[in-house]
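**Student:** Have a look at this one.
There are 2 protein chains.
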Amino acid sequence: MIGCPLPHVEDDRVLLGHGAGGRLSAELLDTLVLPALTPGSTTATGPLEDAAVLPGDDGLVLTTDGFVVSPLFFPGGDIGALAVHGTVNDLAMRGAQPLALTVALVVEEGLRLSELGAVLASLGAAARDAGVPVVAGDTKVVNRGQADKLFITTTGVGRRVAGLSPSAAHARPGDAVLLSGPIGAHGTAVLSVRENLGFVSDVVSDTRPLHRLVRELAPLGADVHALRDPTRGGLAASLNEIARDSRVQVEIDERVLPVPAPVAAACDLLGLDPLHVANEGCLVAFVGRDSAARALRLMRSLPEGAHAVRIGEVTEGPPGRVVLRTLVGARRIVDLPLGEQLPRIC
Amino acid sequence: MIGCPLPHVEDDRVLLGHGAGGRLSAELLDTLVLPALTPGSTTATGPLEDAAVLPGDDGLVLTTDGFVVSPLFFPGGDIGALAVHGTVNDLAMRGAQPLALTVALVVEEGLRLSELGAVLASLGAAARDAGVPVVAGDTKVVNRGQADKLFITTTGVGRRVAGLSPSAAHARPGDAVLLSGPIGAHGTAVLSVRENLGFVSDVVSDTRPLHRLVRELAPLGADVHALRDPTRGGLAASLNEIARDSRVQVEIDERVLPVPAPVAAACDLLGLDPLHVANEGCLVAFVGRDSAARALRLMRSLPEGAHAVRIGEVTEGPPGRVVLRTLVGARRIVDLPLGEQLPRIC
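Taken in sequence, the protein lines are chains A and B.
Numbering-wise, full-length UniProt numbering puts 267 at position 267 of the first sequence, and it's gapless, one number per residue.
Numbering-wise, full-length UniProt numbering puts 274 at position 274 of the second sequence, and it's gapless, one number per residue.
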């Protein structure tokens, strides 16, 4: 998947792109992280999922995520709510409902207590809204200039919904590819405030929990093959990961891809591809062809899935490839983004 | 416990001491964190433990900890091993053996990949040594100057050893207070390299996993009332927390307190109280009086408990108070340290 060796490793330094969810992230994981933590294993030994099944109890799943978004508050959300939603959603992508969260803070000395309080209030409200308790936490403070205000790591434990066992490795030829809502809002919203782009002031982050949407799909059972929320690296990264881990080709149709007009305009101006922009409130679902219509009906029955659409299917073709049928009928490869388009977006 | 209002809150800024495990940490937790995350509850509603029991399954416990130690490598350890030991030990203090860990990294752009690789190798080795798999992870990269090299948050899930249910609230009058090994080494070792104190070069961190020591105590069952590893805030903080949560008075004896000579010398020079210095490889155990001798024998059967000693007992007196009988026979109150003596020590 990664192709020819990237030049960046020879620099022997961590780059922003190593944290961006694209090819550099995958390379760091393959060459440094996995060999250290699980010697003898690589991505070749199994799919990389959003959450791991707990050893000895395959009903429980576990996930962790660090949040470093800047600024702390952005249109439609803040780092506190995002830290809850991101972790709840990673659990949900394994078919699980959240049981408990932990929260670890790294705070820069000098942060206003009122600002920290506002973030924590939002985090607490988001957790209550998602129906999950925060059961443990930790706070570290570092000197001024040794962190940027506040980083939050949330970890979640969830219980899988009976009958659901989606995996990035379970997509199959013939599957319908469904998207629960429009793409590109989160990344564009964060960038708009960071770069003071007044003209995109009508774009707000889509940050929201998706576990109820997943629970709604429970009646489809094993026909729900793969679920992923397209955060860092955007829809392009999620589709590429599923195509790689399931060894299938994925084709999507640009004509039905829901990109809100203000998002499209902002991306156009900034030279961003909406397929690469992070989302925090939609999911992509690979379901058996015969269940597609029912899955769409179920998703549309909830506000967070009201705009669910079918965007493509799994087709015959080289495994690991994602193809976009463009507006003019051409076909182009959708690559994993190389590195960082939008640093500190989540 | 906290006494009169501290002036620092009016400054409306986070201080280094808010992360130090002392009175400022307790105040931040009580006034800001807990009200936001669990409205209506305060510390008064229950003890603060090192790890939380998972809702719906009281055999499983969950804990999280951020590690920001500087420098990344210090005598006797590094941030990677420390991140494993700290979390394994927090599980162990609830009587649990580790089942799974997650690891979330926040990396500063520009960190040498070789340095990151060395930390991860050490983390992986420590996890294997402790017999616990790393099942999920996350990596975020922030721009140069927005973090100091590397922060690691580890979260652990553990299963309680049958019969063990220690809690900071379970200490009782008459209990013996046991300490598994000497105190003060970790904080002194980190400080020695950070401050280039060559004369303490023979002090190495005690960082090590303690879950086997706790498992060894299983035959004592419910006679193991409280366990705590005295990390941030040192032994003073751990004893104060147990005295507060169990509403008992704790008395310890300076004559038997194991402070290695080089640690004592360094603390003397630096104006530190060894009781306030962080440890990463010893635990304090409150056990029923009649089980004390057996507990010591069991602890001493393992290398990590070879130097276990009885340092005191729970006595009649004002609840929440910790008293030290000094070398000259006087008695002094051991307070929770106010704030930060040693920033970024873990």
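Yeah, the Cβ is synthetic: ideal placement off N, Cα and C, and Gly gets one too.
1. Compare the C-beta of V190 (chain B) against all C-beta atoms of chain A and say whether one is closer than 8 Å.
2. If distances are taken between C-alpha atoms only, which option among A:L275, A:R159, A:L197 and A:L227 comes closest to V61 (chain A)?
3. In three-state DSSP terms, what is V334 (chain A)?
4. When the cut-off is 8 Å and only beta carbons count, does P5 (chain A) lie next to chain B?
5. List, in order along the chain, the chain A residues whose C-beta lies closer than 8 Å to that of P343 (chain B)?
6. Determine, using beta carbons only, whether G184 (chain A) comes closer than 8 Å to chain B.
7. Assuming contact is defined by CB atoms lying nearer than 8 Å, are I252 (chain B) and G312 (chain B) in contact in what I supplied?
8. Please work out which residues of its chain come closer than 7 Å, Cβ to Cβ, to V263 (chain A), disregarding the five sequence neighbours upstream and downstream, and give them in chain order.
9. Distance cutoff 8 Å, beta carbons only. Does E109 (chain B) sit that close to anything in chain A?
10. Just to confirm before moving on: does the CB-CB distance between V103 (chain B) and V134 (chain B) stay below 8 Å?
11. What is the rounded straight-line gap between the Cα of G320 (chain B) and the Cα of H85 (chain B)?
12. Who pairs with D253 (chain B) in a beta bridge, going by DSSP?
13. To which residues of the same chain is A162 (chain A) closer than 8 Å at the C-beta, ignoring the five residues directly before and after it?
14. Could you please give me the residues that DSSP links to L98 (chain A) through a beta bridge?
15. Return yes when the Cβ of R289 (chain B) is within less than 8 Å of the Cβ of G174 (chain B), no when it is not.
16. Looking only at its own chain, which residues have a Cβ that is under 8 Å from the Cβ of F67 (chain A), when we skip the five neighbours before and after it?
17. Tell me the rounded alpha-carbon separation between G137 (chain B) and D90 (chain A).
18. Which residue wins for smallest C-alpha separation from D12 (chain A), given the options A:R194, A:T31 and A:G21?
19. Using a Cβ cut-off of 7 Å, which residues of the stretch 46-64 of chain A contact any Cβ in chain B, in chain order?
20. Please compile the residues from chain A whose C-beta is within a distance smaller than 8 Å of the C-beta of R194 (chain B).
21. Within this structure, are the beta carbons of V142 (chain A) and D65 (chain B) separated by less than 8 Å?
22. T207 (chain A): which of A:Q97, A:A278 and A:L179 sits nearest, CA to CA?
23. Where in the UniProt domain "PurM-like N-terminal" (49-159) of chain A do unbroken runs of the beta strand (DSSP E), each at least 3 residues long, occur, reported from the N-terminal end onward?
24. Counting only C-beta atoms, is D12 (chain B) closer than 8 Å to chain A at any point?
25. Quick check on the DSSP output: what are the complete beta strand (DSSP E) runs of length 3 or more inside the stretch 164-214 of chain A, in order along the chain?
26. Is it buried or exposed for N240 (chain A), if we count other Cβ within 10 angstroms and need 16 for buried?
27. For T207 (chain B), would you say it is in contact with chain A, using Cβ-to-Cβ distances shorter than 8 Å as the test?
28. Using a C-beta to C-beta distance shorter than 9 Å, which residues of chain B count as neighbours of D148 (chain A)?
29. Please confirm if P133 (chain B) has its CB atom under 8 Å from at least one CB of chain A.
30. Please classify R247 (chain A): does DSSP put it in a helix, a strand, or coil?
31. Around the C-beta of D223 (chain A), are 16 or more other C-beta atoms found within 10 angstroms, so that it is buried, or is it exposed?
32. Measure from the alpha carbon of P75 (chain A) to the alpha carbon of each residue in A:S301, A:E195, A:R300 and A:P258, then state which is nearest.
33. Please check the pair R228 (chain A) and M93 (chain A), which I expect to be a contact at CB under 8 Å, by giving their CB distance rounded to whole angstroms.
34. Tell me whether G329 (chain B) is buried or exposed, calling it buried when 16 or more other Cβ atoms sit within 10 Å of its Cβ.
35. List, in order along the chain, the chain A residues whose C-beta lies closer than 8 Å to that of H18 (chain B)?
36. Would you mind listing the beta strand (DSSP E) stretches within the stretch 238-315 of chain A that are 3+ residues and don't spill past its ends, in chain order?
**Tutor:** Working from what's here:
1. On the second sequence, position 190 is the one that residue 190 (chain B) refers to. Closer than 8 Å: no.
2. Here residue 61 (chain A) corresponds to residue number 61 of the first sequence, with the count starting at 1. The shortest C-alpha to C-alpha distance from V61 (chain A) to any of A:L275, A:R159, A:L197 and A:L227 is the one to A:R159.
3. The residue given as residue 334 (chain A) occupies position 334 in the first sequence. Of the three classes helix, strand and coil, the one that applies to V334 (chain A) here is coil, per DSSP.
4. Taking the first residue of the first sequence as 1, we reach residue 5 (chain A) at position 5. Low confidence applies to P5 (chain A): its pLDDT is 43, below 50, so where it sits in the model is not reliable, and the reading given next is rough at best. Output row for P5 (chain A): interface = no.
5. Taking the first residue of the second sequence as position 1, residue 343 (chain B) is located at position 343. Near P343 (chain B) (Cβ distances below 8 Å), the residues of chain A are V141, V142 and N143.
6. The count along the first sequence starts at 1 and reaches residue 184 (chain A) at position 184. The Cβ of G184 (chain A) sits no closer than 8 Å to any Cβ of chain B.
7. The residue given as residue 252 (chain B) occupies position 252 in the second sequence. The residue given as residue 312 (chain B) occupies position 312 in the second sequence. In this structure, G312 (chain B) lies closer than 8 Å to I252 (chain B) by Cβ.
8. In the first sequence, residue 263 (chain A) corresponds to position 263, counting from 1. Contacts found: G184, A185, T188, V203 and P274.
9. Looking up residue 109 (chain B) in the second sequence gives position 109. The C-beta of E109 (chain B) comes closer than 8 Å to at least one C-beta of chain A.
10. Here residue 103 (chain B) corresponds to residue number 103 of the second sequence, with the count starting at 1. Here residue 134 (chain B) corresponds to residue number 134 of the second sequence, with the count starting at 1. Yes.
11. The count along the second sequence starts at 1 and reaches residue 320 (chain B) at position 320. The count along the second sequence starts at 1 and reaches residue 85 (chain B) at position 85. The straight-line gap from Cα to Cα measures roughly 29 Å.
12. Position 253 of the second sequence holds residue 253 (chain B). BP columns for D253 (chain B) point to B:R325.
13. Here residue 162 (chain A) refers to the residue found at position 162 of the first sequence. Within the same chain, A162 (chain A) has close Cβ partners A218.
14. Taking the first sequence and counting its residues from 1, one reaches residue 98 (chain A) at position 98. Residue identity check: residue 98 (chain A) is Pro in the sequence provided, not Leu. Here P98 (chain A) is bridged, per DSSP, to A:G158.
15. For this step, residue 174 (chain B) is matched to residue 174 along the second sequence. For this step, residue 289 (chain B) is matched to residue 289 along the second sequence. Result yes, Cβ atoms of G174 (chain B) and R289 (chain B) sit closer than 8 Å.
16. Residue mapping note: residue 67 (chain A) aligns to position 67 of the first sequence, counting from 1. By the criterion of a C-beta distance shorter than 8 Å, F67 (chain A) is surrounded in its chain by I79, L82, A83, G86, F151, I152, T153, T154 and C346, once the five residues flanking it on both sides are discounted.
17. Stepping through the second sequence from its first residue, residue 137 (chain B) is reached at position 137. Stepping through the first sequence from its first residue, residue 90 (chain A) is reached at position 90. The C-alpha of D90 (chain A) is placed about 12 Å away from the C-alpha of G137 (chain B).
18. Along the first sequence, one-based indexing puts residue 12 (chain A) at 12. Closest by C-alpha distance to D12 (chain A), out of A:R194, A:T31 and A:G21, is A:T31.
19. Cβ contacts with chain B come from A51, A52, L54, P55, G56, L62, T63 and T64.
20. Reading the second sequence from its first residue, position 194 is the one you call residue 194 (chain B). Chain A residues near R194 (chain B): none, gap ~12 Å exceeds 8 Å.
21. Within the first sequence, residue 142 (chain A) is the residue found at index 142, counting from 1. Within the second sequence, residue 65 (chain B) is the residue found at index 65, counting from 1. Not in contact: V142 (chain A) and D65 (chain B) (Cβ atoms no closer than 8 Å).
22. Within the first sequence, numbered from 1, the residue matching residue 207 (chain A) stands at position 207. It is A:A278.
23. Within the UniProt domain "PurM-like N-terminal" (49-159) of chain A, the complete beta strand (DSSP E) runs of at least 3 residues are 52-54, 57-67, 96-108 and 134-142.
24. Position 12 of the second sequence holds residue 12 (chain B). By this cut-off, D12 (chain B) is an interface position.
25. Restricting attention to beta strand (DSSP E) runs no shorter than 3 residues, the stretch 164-214 of chain A encloses them at 176-179, ordered along the chain.
26. For the purposes of this step, residue 240 (chain A) is taken as residue 240 along the first sequence, with counting starting at 1. Buried: at least 16 other Cβ atoms inside 10 Å.
27. Within the second sequence, numbered from 1, the residue matching residue 207 (chain B) stands at position 207. Chain A contact via Cβ: absent.
28. In the first sequence, counting from the first residue as 1, residue 148 (chain A) sits at position 148. Near D148 (chain A) (Cβ distances below 9 Å), the residues of chain B are V142, N143, G145, Q146 and A147.
29. The residue given as residue 133 (chain B) occupies position 133 in the second sequence. Cβ-Cβ to chain A under 8 Å: yes for P133 (chain B).
30. Residue 247 (chain A) sits at position 247 when you count from the first residue of the first sequence. Here R247 (chain A) sits in coil by DSSP.
31. Along the first sequence, one-based indexing puts residue 223 (chain A) at 223. With 16 or more other Cβ atoms within 10 Å, it is buried.
32. Stepping through the first sequence from its first residue, residue 75 (chain A) is reached at position 75. Nearest C-alpha to P75 (chain A): A:E195.
33. One-based indexing of the first sequence puts residue 228 (chain A) at position 228. One-based indexing of the first sequence puts residue 93 (chain A) at position 93. In this structure R228 (chain A) is in contact with M93 (chain A), their Cβ atoms being roughly 5 Å apart against a cut-off of 8 Å.
34. Working through the second sequence from its first residue, we reach residue 329 (chain B) at position 329. Answer is exposed; the Cβ neighbour count stays below 16.
35. The residue you call residue 18 (chain B) lines up with position 18 of the second sequence. Per Cβ cutoff of 8 Å: V107, T139 and V141.
36. With a minimum length of 3 residues, the continuous beta strand (DSSP E) runs that stay inside the stretch 238-315 of chain A are 249-253, 284-287 and 309-315.
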